[in-house]
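Respectively, the protein sequence lines represent chains A and B.
The numbering used here puts the first residue of the first sequence at 16, with every later residue one more than the last.
The numbering used here puts the first residue of the second sequence at 5, with every later residue one more than the last.
What follows is a single structure, written as C-alpha cells, with notes after it.
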Amino acid sequence: TPSCEPETPLCCRRDHYVDFQELGWRDWILQPEGYQLNYCSGQCPPHLAGSPGIAASFHSAVFSLLKANNPWPLGTSCCVPTARRPLSLLYLDRDGNVVKTDVPDMVVEACGCS
Amino acid sequence: QRAGSVCPSCGGPTLAPQAERALVLELAKQQILKGLHLTGRPIITHPLPQAALTRALRRLQRGSVVPANGEQVISFAAITDFSASTCSSTLTFYLSTPRSHHLYHARLWLHVLPTLPGTLSLRIFRWGPRRRRRGSHVLLAEHQLTAPGWHALTLPSSGLRHEESGVLRLQLDCRPLEGNSTAAPQTQQLLDTAGEQRPFLELKTRPKEPGAGRARRR
Numbered sequence: 016t017p018s019c020e021p022e023t024p025l026c027c028r029r030d031h032y033v034d035f036q037e038l039g040w041r042d043w044i045l046q047p048e049g050y051q052l053n054y055c056s057g058q059c060p061p062h063l064a065g066s067p068g069i070a071a072s073f074h075s076a077v078f079s080l081l082k083a084n085n086p087w088p089l090g091t092s093c094c095v096p097t098a099r100r101p102l103s104l105l106y107l108d109r110d111g112n113v114v115k116t117d118v119p120d121m122v123v124e125a126c127g128c129s
Numbered sequence: 005q006r007a008g009s010v011c012p013s014c015g016g017p018t019l020a021p022q023a024e025r026a027l028v029l030e031l032a033k034q035q036i037l038k039g040l041h042l043t044g045r046p047i048i049t050h051p052l053p054q055a056a057l058t059r060a061l062r063r064l065q066r067g068s069v070v071p072a073n074g075e076q077v078i079s080f081a082a083i084t085d086f087s088a089s090t091c092s093s094t095l096t097f098y099l100s101t102p103r104s105h106h107l108y109h110a111r112l113w114l115h116v117l118p119t120l121p122g123t124l125s126l127r128i129f130r131w132g133p134r135r136r137r138r139g140s141h142v143l144l145a146e147h148q149l150t151a152p153g154w155h156a157l158t159l160p161s162s163g164l165r166h167e168e169s170g171v172l173r174l175q176l177d178c179r180p181l182e183g184n185s186t187a188a189p190q191t192q193q194l195l196d197t198a199g200e201q202r203p204f205l206e207l208k209t210r211p212k213e214p215g216a217g218r219a220r221r222r
C-alpha cells in the first residue's frame, strides 16, 4: 500500500512515528525508543473493493474493472489493515523487573479495501 | 479544524496538525497499555542502577526468541537479611507474573567474589508462605561453585510458584566442600549481594494453553 500523500483520497497507510520521550515514558520503556503508529484511511470506491493493496495482481485489476462497470455496487468497502507485525518491547514493570515481550499486531504494514 | 480540507475517509473536517498529533499520542498510549495488558503506566519507585541493568540485559541470551505472547523477565533481588557468614542470605524477589502465564524456564544469576576458597556447595531453598511455620522451606537445587565470577544456576520452574502476594523468597545456604583446606574464614563474604553485581532471576513465561489445568487433572 502506498503511504498516504497529504491529499490522497484513496485507501492508504498513514504513517506516524511516536517517540516514547514525547509520551514521557522513556523512564519505563527501555527499548525501542519509539515505534510506528500507522493507521489506514481513505476511500474505497466499489472498483477497489476486495483489492489487497500492494498485492494487487493482473487478475484483481481485471476483477476491479468488472466491478467498476457493475452498476450495482455490492455494499460499502472499508480501508482496513491487511498486514501487521509485532512490536518487541523491553520495559520495567511496577516491581522494577525488566520484562521483554513481543506485542502482536502492533504495527500496521499494509492497508487494503475490505 | 484545518480550514478547507476534508477528511478523505469520512468527508468531515480534518484536524489541525497539533490536534492530530495529540490524538495520535493518546492513541499510542492506549495501544501500548492494551498490548501489555496494563491499566496504567508503571510508577518506577526505585530505579535500577544503570550498570546492573546493562549487565543483566547483556547476560540475557542474545537473540533469544520470546514465544508469542510470552515474556522474558529479569528480577533483581532485594536482600532481606544477610548473615555475616560466607554466603548464606535470603533473597527476596517481587514478581507479578500474570495468572494467565506459565513459568517454564528459571535461572538464578549469582556473582561470586574472588575470595572464593576452592569449591563451595551451594543449596538454594524456597521459603514457604508466611502464614505457615517460619521454618518451612523447600530445597530447590544444589550447585557447586568452583570459580569466581557470574554463575547461572538453573532452578526447577515448578518450584517457583510465588505467593498470592507476588513475593518469592530464596534462601542461599553454602558451605565449603569437605577436606577443603583453604576454607575461607567464616566472616569473609563470598557472594556479591548488593549494588551492580547483585543477584537476579531470569524467567521465561508463556501463555497457558486453554484448559491446561483440566487436562492435567484428567
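From the three backbone atoms N, C-alpha and C, an ideal C-beta is built for every residue, glycine too.
| Query | Result |
| --- | --- |
| Residues near residue 121/A by beta carbon distance below 8 Å, same chain, minus five either side | 50, 99, 100, 101 and 102 |
| Chain A contact for residue 116/B (CB, 8 Å cutoff) | no |
| Chain B contact for residue 69/A (CB, 8 Å cutoff) | Summary for residue 69/A: the model assigns pLDDT 47, below 50, so the residue's position carries little reliability, and this model does not support an answer. |
| Contacts around residue 161/B, its chain only, beta-carbon distance under 7 Å, and the 5 residues preceding and following it disregarded | 107, 108, 109 and 110 |
| Chain-order list of residues whose beta-carbon lies under 7 Å from that of residue 159/B (same chain, five-residue window excluded) | 110, 111, 112, 128, 144 and 145 |
| Beta-carbon gap between residue 19/B and residue 31/B smaller than 8 Å | no |
| Residue range of the beta strand (DSSP E) that includes residue 208/B | 204-211 |
| Residue-chain proximity (residue 30/A, chain D), Cβ-Cβ < 8 Å | Protein chains in the displayed structure are A and B, and chain D is not among them. |
| Local Cβ density within 10 Å of residue 208/B, reported as buried at 16 or more and exposed below that | buried |
| As assigned by DSSP and simplified to three states, the class of residue 198/B | coil |
| Neighbour flag for residue 98/B against chain A, beta carbons, 8 Å | yes |
| Cutoff 8 Å: residue 111/A Cβ touching any chain B Cβ | yes |
| Straight-line gap, residue 100/B to residue 55/A (C-alpha atoms, nearest Å) | 36 Å |
| Chain A within 8 Å of residue 186/B, Cβ atoms only | With a pLDDT of only 48 at residue 186/B, under the threshold of 50, the placement of this residue in the model should not be trusted; the figure read from the coordinates follows. Residue 186/B does not count as touching chain A. |
| Cβ neighbour criterion (16 or more within 10 Å) applied to residue 55/B | exposed |
| Beta-carbon neighbours of residue 97/A, restricted to chain B and to distances below 8 Å | The contacting residues do not exist; residue 97/A stays about 16 Å from chain B at best. |
| C-beta neighbour in chain B for residue 33/A, strict 8 Å | yes |
| Given residue 37/B as reference, the closest of 29/A, 119/A, 94/A and 20/A once Cα atoms are compared | 119/A |
| Short CB-CB distance (under 8 Å) between residue 123/A and chain B | no |
| DSSP-derived helix/strand/coil call for residue 36/B | helix |
| Rounded straight-line distance, which links the Cα of residue 148/B to that of residue 96/A | 54 Å |
| Classification of residue 84/A by the beta-carbon crowding that lies within 10 angstroms, buried from 16 upward | exposed |
| Neighbouring residues, chain B, relative to residue 37/A (Cβ below 7 Å) | 29 |
| Neighbour list for residue 91/A in chain B, Cβ cutoff strictly below 9 Å | Per Cβ cutoff of 9 Å: no residues; residue 91/A is ~12 Å from chain B at best. |
| Residue-chain proximity (residue 107/A, chain B), Cβ-Cβ < 8 Å | yes |
| Local Cβ density within 10 Å of residue 18/A, reported as buried at 16 or more and exposed below that | exposed |
| Nearest-angstrom Cβ-Cβ length linking residue 79/B and residue 205/B, presumed shorter than 8 Å | 5 Å |
| Contact set for residue 28/A: own chain, Cβ-Cβ below 7 Å, skip 5 residues either direction | 16, 18, 19, 53, 55, 123, 125 and 126 |
| Those residues which DSSP pairs with residue 51/A across a bridge | 32/A |
| Same chain, Cβ closer than 6 Å to residue 92/A, five either side skipped, listed in chain order | 59, 64, 128 and 129 |
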